[in-house]
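Residue numbers (my numbering), protein chains in the order written: chain A, 1 to 325; chain B, 326 to 840.
In what follows, a single structure is set out as structure tokens and then discussed.
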Ligand SMILES: Nc1ncnc2c1ncn2[C@@H]1O[C@H](COP(=O)(O)OP(=O)(O)OP(=O)(O)O)[C@@H](O)[C@H]1O
Ligand SMILES: [Mg+2]
């Protein structure tokens, strides 16, 4: 009610209104799924399952936020899943070598920064398409990780580290708190700071952005570094959750992240996206998987349903956009 | 009856009944044709008739609905309501293909071709010559070259389209339309990016098509062209068709009054200020596309750069602005030697550039108007970590108001604006930046008369505040009337310099062409 009065008093505000509306539709969809699963199963609304769901969704959500920065610049980061696996190896390896925990965490995140900087270097200096350079790191990082571990896994004995992912804070899993730790600064960055505006401008028309004084190269560095750092962060969370470092973990998570982002309204053509969209997208995907597990749906069917859902949601998003014109 | 001449591979066009429409009879009739974009009434119910074989001009302010009308007739967008009769028969015109197959073609305001394909491939796009499923590339290039030469356009058919200037691309689009078995050809501001010479070529083509029985619709903001070419002229104002006149029974003043509902005494508003300190001086500046350019700009003066398209003026501007690397020469900013090696550096010194192509260089089309306007000044709008949203909004709204950008809100996407209004956004971007030297590259392309006058007044206000202006224009009257110093470029070199009104139009033109 009050929202409407504000809207009409400031005149037509089509874009913002619609983006909020779309966010609400996604939120509605998520709540609808939760209600539905509540009726369909008796184990969905158990504290255990909800914690589980929040943990499952958390990691994809963080990856999806980082991925969204890249997609807004009209790029793509296919390496995030490999970075998660790789950094889980790195942190396990460092801890096994007796490096203090705080240093291992910082060093692992720094590796994420380096990987992102390497992507941006390939794109900006070597002129490689984002798809190619990140595809290349996807395979090579898995390779390097396997070399380091000799094809096996490294167990993590540091209890403080592994207990973290199982801990709750104020009744909510600590992994979910990490989503908030990432999402709040991400929101400030993308929607409130000038760098966020620059990401959109570069994704829309990089020449116009450059002639307007935007440092296009730096903006691209920023986007890829943020994406890889988010992935390294998820690598830490994953290592903590499963208690090992394994280079083959997180297979296909890059596609989950891209799907979450796109379900959340991000346009693969660039210049359209938000922070709340991919978060909702990630939890919608997590809910579908969780619900399918509870209802004993064959995991092959889960994949098919996820695929169909992506088509349906993005199709409706397209329709909405076309209606705007 | 004048038979249709073979240009390219023109098909014979006939009415549904099989007879060509006789000259002077209605060929296309619109009844209450209407288009709404959401809540925007782009075209209010319009009833108009186009007669076979005439040149029918359409004029009106930016956002009056001219391009909308054209897009309706060519099947690019769907109408909200109304009827269209083609040769007396009702038609849907639902798709571009339907329009083309009926013989209705258009050269749109923004060139919509494929920049990565060759000129020939673009001309034959959707209508390729095939032999056993394979494209006959060579034959198409030859045929395309034949058509271009025949039309008198000096353009290579084998070149990649994107390597040509916008004006040249416009000519390619024109050639493409001319060879497509056209009975009804619409030009939406074709001369906006053309030099006088290229415009002459275009006019010859239009007259020739007319003599072959083609009906022409001609949209332009340049009234002298309308009087030169048209038989009849229709005026749109705010989406309403306010009248149609035979060209002999009207004059510029009446058309302007119909268009903007008021009168303008002086379009080229010029105030002379005493020139102040030297802002920028270039000595022997050389870079990609220009060589050995030496000129100075002082506070309070407009320095005009005139030349044919491709003469190196825009390249010079981009070089000075740090977009392209300079290979020789020096730049002095307020007497101090500087190296401008990035756009940021140029901006920090106090240089602003409103570039030539609003689509490729000027605007982020799928972003809101407000973001576009504020893009150069986000640094100034930042308080601590975040942008001050109130200032951001206020700055955007101020430019929208000052420049009379016709939009319901700053949140509308730039792509939803008419061509002239997009141009105003490009200019508006720089007005709050506080620059000392403004480089305006073709600032009034596609801008209506009323707004043009506003922009020239704005120039005067900038000069008054102590700024200097480099004005690049291919439209001679504009640079001629406004420039305190006028430099003529030819093939990347500065070939002549004149004071205010010290040379005649003919002398300037001769220097530009190299005659
Ligand atoms: N895609 C769109 N979505 C929403 N509104 C639009 C869109 N395209 C045009 N409009 C609006 O329709 C109106 C008419 O636009 P149109 O492009 O027909 O103007 P025009 O007469 O060609 O102007 P100009 O001389 O500037 O080219 C304008 O108010 C414009 O903002
Ligand atoms: Mg137009």
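Idealized CB from N, CA, C, for every residue including glycine.
In whole angstroms, what is the alpha-carbon distance linking residue i and residue j?
| i | j | result |
| --- | --- | --- |
| residue 698/B | residue 731/B | 14 Å |
| residue 24/A | residue 31/A | 10 Å |
| residue 830/B | residue 593/B | 16 Å |
| residue 304/A | residue 235/A | 27 Å |
| residue 127/A | residue 202/A | 16 Å |
| residue 617/B | residue 624/B | 23 Å |
| residue 834/B | residue 786/B | 29 Å |
| residue 82/A | residue 484/B | 43 Å |
| residue 112/A | residue 141/A | 12 Å |
| residue 526/B | residue 552/B | 17 Å |
| residue 424/B | residue 495/B | 20 Å |
| residue 474/B | residue 480/B | 8 Å |
| residue 11/A | residue 784/B | Because residue 11/A sits at a pLDDT of 34, beneath the cut-off of 50, its placement in the model cannot be relied upon, and the point is left open. |
| residue 554/B | residue 377/B | 15 Å |
| residue 537/B | residue 724/B | 47 Å |
| residue 427/B | residue 266/A | 40 Å |
| residue 193/A | residue 712/B | 5 Å |
| residue 306/A | residue 188/A | 31 Å |
| residue 836/B | residue 803/B | 17 Å |
| residue 222/A | residue 383/B | 49 Å |
| residue 845/B | residue 309/A | The requested residue 845/B does not occur in the structure, where chain B is confined to residues 326 to 840. |
| residue 148/A | residue 183/A | 32 Å |
| residue 438/B | residue 492/B | 13 Å |
Say the cut is 8 Å; is the CB of residue i nearer than that to a heavy atom of ligand 3?
| i | result |
| --- | --- |
| residue 773/B | In the structure shown, ligand 3 is absent; the only ligands present are ligand 1 and ligand 2. |
Once you ignore the five residues that flank residue i on each side, which residues in its own chain have a CB closer than 7 Å to its CB?
| i | result |
| --- | --- |
| residue 328/B | Low per-residue confidence applies at residue 328/B: pLDDT is 33, beneath 50, and the placement is therefore not dependable, though the value from the model is reported in the following sentence. Around residue 328/B: no qualifying Cβ. |
| residue 336/B | Bear in mind that a pLDDT of 41 at residue 336/B, under 50, signals an unreliable position, so the model cannot answer this. |
| residue 839/B | 815 |
| residue 747/B | 683, 688, 739 |
| residue 313/A | 263 |
Which residues in the same chain have their Cβ closer than 6 Å to the Cβ of residue i, if we skip the five residues on either side of it in sequence?
| i | result |
| --- | --- |
| residue 744/B | 434, 771 |
| residue 716/B | 706 |
| residue 513/B | 392, 395, 433, 434, 544 |
| residue 823/B | 811 |
| residue 118/A | none |
| residue 57/A | 282, 283, 286 |
List the residues of chain C whose Cβ lies closer than 8 Å to the Cβ of residue i, in chain order.
| i | result |
| --- | --- |
| residue 218/A | In the displayed structure, chain C is absent; the protein chains listed are A and B. |
Is residue i a contact residue of ligand 2, with contact defined as CB to any heavy atom under 8 Å?
| i | result |
| --- | --- |
| residue 591/B | no |
| residue 564/B | no |
| residue 544/B | yes |
| residue 614/B | no |
| residue 434/B | yes |
| residue 392/B | yes |
| residue 453/B | no |
| residue 514/B | yes |
| residue 745/B | yes |
Looking at residue i and ligand 1, is the gap between the Cβ and the nearest heavy atom below 8 Å?
| i | result |
| --- | --- |
| residue 787/B | no |
| residue 741/B | yes |
| residue 77/A | no |
| residue 368/B | yes |
Skipping 5 residues on each side, what residues in its chain have a beta carbon closer than 8 Å to that of residue i?
| i | result |
| --- | --- |
| residue 6/A | Note on residue 6/A: pLDDT 30, under 50, position unreliable in the model; no value is reported. |
| residue 782/B | 594 |
| residue 331/B | In this prediction, residue 331/B has a pLDDT of 39, which is less than 50 and means its spatial position is unreliable; nothing more can be read from the coordinates. |
Is the region 398-410 of chain B touching the region 568-576 of chain B in the sense that three or more CB pairs, one from each, lie closer than 8 Å?
With fewer than three CB-CB distances shorter than 8 Å, the region 568-576 of chain B does not count as touching the region 398-410 of chain B.
Scan the region 640-704 of chain B and note each continuous beta strand (DSSP E) run of 3 residues or more that stays entirely inside, going in chain order.
When DSSP assignments are scanned along the region 640-704 of chain B, the uninterrupted stretches of beta strand (DSSP E) that are 3 or more residues long and fall wholly within it turn out to be 653-658, 661-663, 676-679.
Under 8 Å: do the region 758-769 of chain B and the region 628-647 of chain B share three or more Cβ pairs, one atom per stretch?
The region 758-769 of chain B is in contact with the region 628-647 of chain B.
Any beta strand (DSSP E) of 3 or more consecutive residues that is wholly inside the region 367-420 of chain B
As for any beta strand (DSSP E) of minimum length 3 sitting wholly inside the region 367-420 of chain B, the runs are 380-385, 406-411, ordered along the chain.
Taking contact to mean at least 3 C-beta pairs separated by less than 8 Å, is the region 686-698 of chain B in contact with the region 652-669 of chain B?
Not touching, per the Cβ criterion.
On the three-pair Cβ rule with 8 Å, is the region 87-102 of chain A touching the region 263-276 of chain A?
Verdict: no, contact absent.
Inside the region 736-782 of chain B only - alpha helix (DSSP H) runs reaching at least 4 residues:
Counting only runs of 4 or more, we get 744-756.
Suppose only complete runs of 4+ residues qualify. What are the alpha helix (DSSP H) ranges in the region 428-508 of chain B, listed by chain order?
Qualifying alpha helix (DSSP H) stretches, in chain order: 444-448, 462-476, 491-503.
So, does the region 31-49 of chain A touch the region 250-257 of chain A, judging by three or more C-beta pairs under 8 Å?
Two segments are said to touch when three or more pairs of C-beta atoms, one from each, lie closer than 8 Å; by this definition the region 31-49 of chain A does not touch the region 250-257 of chain A.
Let me know the alpha helix (DSSP H) ranges lying completely inside the region 97-182 of chain A, each 4 residues or longer, listed in chain order.
Taken in chain order, the complete alpha helix (DSSP H) segments of 4 residues or longer contained in the region 97-182 of chain A are 101-124, 130-149, 159-164.
Contact between the region 295-315 of chain A and the region 57-75 of chain A (3+ Cβ pairs under 8 Å):
In this structure the region 295-315 of chain A does not lie against the region 57-75 of chain A, because fewer than three pairs of beta carbons, one per stretch, are closer than 8 Å.
Mind pulling the beta strand (DSSP E) runs of 3 or more residues that sit fully within the region 199-247 of chain A?
Runs of the beta strand (DSSP E) inside the region 199-247 of chain A: none found.
Mind the definition here: the region 203-218 of chain A touches the region 35-53 of chain A only if three or more C-beta pairs lie below 8 Å; say whether that holds.
Counting C-beta pairs closer than 8 Å gives fewer than three between the region 203-218 of chain A and the region 35-53 of chain A, which falls short of the contact rule.
Minimum length 4: unbroken alpha helix (DSSP H) runs contained in the region 771-839 of chain B
As summarised for the region 771-839 of chain B, the continuous alpha helix (DSSP H) elements at least 4 residues long and confined to that stretch are 774-789, 801-807, 830-838, given in chain order.
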